[in-house]
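Colleague:
Numbering (the numbering used here), first residue to last: -2 to 116.
(1) Sorted by chain position, which residues of the same chain lie with C-beta nearer than 8 Å to residue 91's C-beta, five sequence neighbours on each side aside?
(2) Determine the contact status of residue 21 and residue 45, defining contact as a CB-CB distance below 9 Å.
(3) Indicate whether residue 76 and residue 65 have their beta-carbon atoms separated by less than 9 Å.
(4) Please indicate yes or no: does the CB of residue 19 lie closer than 8 Å to some heavy atom of the ligand SAM?
(5) Could you tell me if residue 67 is buried or exposed, where buried requires 16 or more neighbouring beta carbons within 10 angstroms of its beta carbon?
(6) Using CA coordinates, which residue listed in 50, 36, 17 is at the minimum distance from residue 85?
(7) What are the boundary residues of the alpha helix (DSSP H) that includes residue 61?
(8) Tell me whether residue 98 sits in a helix, a strand or coil according to DSSP, three-state version.
(9) Tell me the rounded alpha-carbon separation between residue 101 and residue 43.
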């Protein structure tokens, strides 16, 4: 029995002095890397859907950049996820008009998933 859970070595991760976006990136990276067991897949899918929903609802360029950085760490996006990302890019001006992260996201989707979104 493991009393510390599946992230036992990372529970005391130091965050003091770090940017919020870096902390979020670290947490989501740990989550996506640690949760490949079949018992946790349902939670991983929910988490992925939540991140994409946050992208659709993003209210600022800064939030968009943080969320895009998280999305680009996900390696198993479904077609439904890709369509939801496309919807966010097309319908949310805080996503569509973000000039730093969105070009990287579009390139990532094209290269990793052969999925093209044009603005």
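Note that CB positions come from ideal geometry on N, CA and C, so glycine has one too.
Modeller: For this structure:
(1) Position 94 of the chain shown, counted from the start, is the residue given in the question as residue 91. Counting only Cβ-Cβ distances below 8 Å, and skipping sequence neighbours, we find 55, 56, 57, 58, 60, 61.
(2) Translated into the one-based positions of the chain shown, residue 21 becomes position 24. Translated into the one-based positions of the chain shown, residue 45 becomes position 48. Not in contact: residue 21 and residue 45 (Cβ atoms no closer than 9 Å).
(3) Position 79 of the chain shown holds residue 76. Position 68 of the chain shown holds residue 65. The answer is no: Cβ separation not under 9 Å.
(4) The ligand SAM is not among the ligands present in this structure, which contains no ligands whatsoever.
(5) For the purposes of this step, residue 67 is identified with residue 70 of the chain shown, where counting begins at 1. Per the 10 Å Cβ criterion, buried.
(6) For this step, residue 85 is matched to residue 88 along the chain shown. Among 50, 36, 17, the Cα nearest to that of residue 85 is on 50.
(7) Position 64 of the chain shown, counting from 1, holds the residue named residue 61. Note, residue 61: alpha helix (DSSP H), 58 to 68.
(8) Locating residue 98 in the chain shown gives position 101, where the first residue counts as 1. Residue state, collapsed to three classes: helix.
(9) Here the question's residue 101 lines up with position 104 in the chain shown. Here the question's residue 43 lines up with position 46 in the chain shown. One C-alpha to the other measures close to 24 Å.
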